[in-house]
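Using the numbering used here, read the sequence shown as starting at 12 and increasing by one per residue. We put the beta carbon where it would ideally sit given N, CA and C, even for glycine. If you're wondering where the values come from, they're calculated on a predicted model, not measured in any experiment.
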Amino acid sequence: MLEKSQQAYQEAIQYIPGGVDSPVRAFKSVGGVPPFIERGKGALLYDIDGNEYIDYVQSWGPLIFGHADEETLQAVCDQAQKGLSFGAPTLLETALAKEIVELFDSVDKIRFVNSGTEAVMSAIRLARGFTGRDDIIKFEGCYHGHSDSLLVSAGSGAATFGTPSSPGVPADFTKHTLLARYNDIESVKKCFAASDEIACVIIEPIAGNMGLVPAKEEFLQELRALCDEHGTLLIFDEVMSGFRAHLKGAQGLVDIKPDLVTFGKVIGGGMPVGAFGGRAEIMSHLSPEGPVYQAGTLSGNPVAMAAGLSAIRRLKKDPSIYNILETRAKGLVGGFKKIASDHGIPLQVEVRGSMFGFFFNDKPVENFDDAKRSDLEFFAKFHQEMIKRGVYFACSQFETGFICTPLDEKLIDMTLEKIDEAMKKLA
Ligand SMILES: *Cc1c(COP(=O)(O)O)cnc(C)c1O
């Protein structure tokens, strides 16, 4: 079934570390070879062996209109004819900036970069430059890209300062990063007690990188108040939740204004884009207006801007898309929960707009420690059974699922049938 992928993988690992350009793609936590993809259309993905999959990954979020979407392709092709990159200003950048600024009350100005990692790294530098402080707070289980100061895990003992979670990151680079527990305001207070030099708190207001774990509204309100009290900037990392959970991301669902916001994924329509924005007073510290340096040869790339603009304009024109996708996501996890319970398998589910998550866990999941108590072995077996049956779920318990517009009720019903088959086999 995966013969050609098996061969392709053997060849890839000779030339590319682990055979992949981003570690999660290697299927390490679920086993087996990753299918090598030939093409996608709408909700479906096709590998080089000719297998067809219902795709709930959608390139890890960006493709809200599905694979090879006609309108997005048209926008990309039209722009590509005019040139791939200029390294000079274009009307497209202002147009996309305007669309986003109009939607987000917290954003007066925005700058485009090439990835979520770059957006977050730059937003943190700006927060440090603006406040003149070095320390930052992040939450265990939140992912903000792979820049040095964010690759931290909890140090030993009671210390709240992080230690590098990857070789190659000097401890000197992470000693300014304090780690708090998601949805636990007391842990944040401890961080503030440990340092009065905190430039910013960065959080995924709807965490999607420890599985789907939304922050409680009250927790975010208390976080906002703590930041105000300490003159600390609050950064919402909406690289995933922006234009996914809601047209306005988490900020469309809770009434809390961050100082800075980071974007990525959907705003590039499938092309590599990231962005960060916030109040004019803060953003004006960025070069060339201000002293905080930030740059990029391909930043605001015209082809990527055209793809993003096409996607964002369509979403703005018809925000009912989010209700439709949420109804489908709820249908999927509701059905899944019922099947699991019929087979005596504990399951926690969650939905925010087009994002959904499930944990093989008998208790509600509110933070990373809870998430880690899920049955990871069962997840791996479940994932393998689903891949065999043509359903492509994210290959880790700690990821989020995505519904795209072409993924209709019929495909969801088919998925539920396959889930039932898999559960029968595994229970
Ligand atoms: C994906 C993601 C990032 C990193 O974006 P890249 O484009 O992969 O660099 C950062 N923050 C969050 C919340 C993400 O989901």
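- Spatial neighbours of Lys436 in its own chain (CB-CB distance under 7 angstroms, excluding positions within 5 residues in sequence) are listed in chain order as Glu396.
- Closest in alpha carbon position to His241, among Ala86, Asp386, Val199 and Thr273, is Val199.
- Taking 8 angstroms as the upper bound for CB-CB distance, Phe123 and Glu104 are in contact here, some 6 angstroms apart.
- In the DSSP annotation of this structure, the continuous segment of the beta strand (DSSP E) that includes Gln359 starts and ends at Gln359 to Arg363.
- In this chain, the alpha helix (DSSP H) harbouring Ser331 covers Ser331 to Asp353.
- Tyr193 and Ser365 have their C-alpha atoms spaced approximately 22 angstroms apart.
- Taking the C-beta atoms as reference points, Ala134 is found nearer than 8 angstroms to Ile246.
- Straight through space, the alpha carbons of Met132 and Pro175 are spaced by roughly 16 angstroms.
- By the C-beta criterion, the region 248-268 is judged not to be in contact with the region 36-51, since fewer than 3 inter-stretch pairs fall below 8 angstroms.
- A straight-line Cα-Cα distance of about 20 angstroms links Gln408 and His157.
- The DSSP assignment places complete alpha helix (DSSP H) segments of no fewer than 4 residues inside the region 78-133 at 81-93 and 102-114, in order along the chain.
- Here Met12 is exposed, its C-beta having fewer than 16 other C-beta atoms within 10 Å.
- The shortest CA-to-CA distance from Glu361 to any of Glu337, Glu432 and Gly355 is the one to Glu337.
- Per DSSP, the unbroken beta strand (DSSP E) holding Ile65 starts and ends at Glu63 to Asp66.
- Leu237 and Ile209 have their alpha carbons spaced roughly 11 angstroms apart.
- DSSP places Ile323 in the helix class (H, G or I) of the three-state scheme.
- DSSP places Ser177 outside both helix and strand once states are collapsed to three, so it counts as coil.
- Taking 7 angstroms as the cut-off, one finds at least one heavy atom of ligand 1 near enough to the beta carbon of His155.
- Counting C-beta pairs closer than 8 angstroms gives fewer than three between the region 414-428 and the region 382-392, which falls short of the contact rule.
- Around Ser164, the same chain offers Gly173, Thr174 and Ser176 as residues with beta carbons nearer than 7 angstroms, after the five sequence neighbours per side are excluded.
- Per DSSP, Lys383 has no beta bridge partner at all.
- For Glu428, the secondary structure class from DSSP, reduced to helix, strand or coil, is helix.
- Ranking Glu432, Val402 and Gly29 by CA distance to the CA of Val68 puts Val402 first.
- One thing to note: Leu358 has its Cβ within 8 angstroms of the Cβ of Phe371.
- The region 318-333 makes contact with the region 107-116; the number of CB pairs closer than 8 angstroms reaches 3 or more.
- A contact is defined here as three or more CB-CB pairs under 8 angstroms, and the region 209-219 meets this definition with respect to the region 139-151.
- In this structure, the beta-carbon distance from Leu244 to Thr128 does not fall below 8 angstroms.
- Taking the Cβ of Asn220 as the reference point, at least one heavy atom of ligand 1 falls within a distance shorter than 7 angstroms.
- Ranked by how close their Cα comes to the Cα of Gly263, the residues Asn378, Pro73 and Pro216 have Pro216 in first place.
- When distances are taken from the beta-carbon of Ser126 to the heavy atoms of ligand 1, the shortest one is below 7 angstroms.
- By the C-beta criterion, the region 343-350 is judged to be in contact with the region 422-430, since at least 3 inter-stretch pairs fall below 8 angstroms.
- The closest heavy atom of ligand 1 lies less than 7 angstroms from the beta carbon of Lys276.
- In this structure, the beta-carbon distance from Ser310 to Asn125 falls below 8 angstroms.
- Note: Arg50 is bridge-paired with Tyr57 in the DSSP secondary-structure output.
- As computed with DSSP, Ile213 is found in a beta bridge with Ile246.
- Less than 8 angstroms divides the Cβ of Val277 from the Cβ of Gly72.
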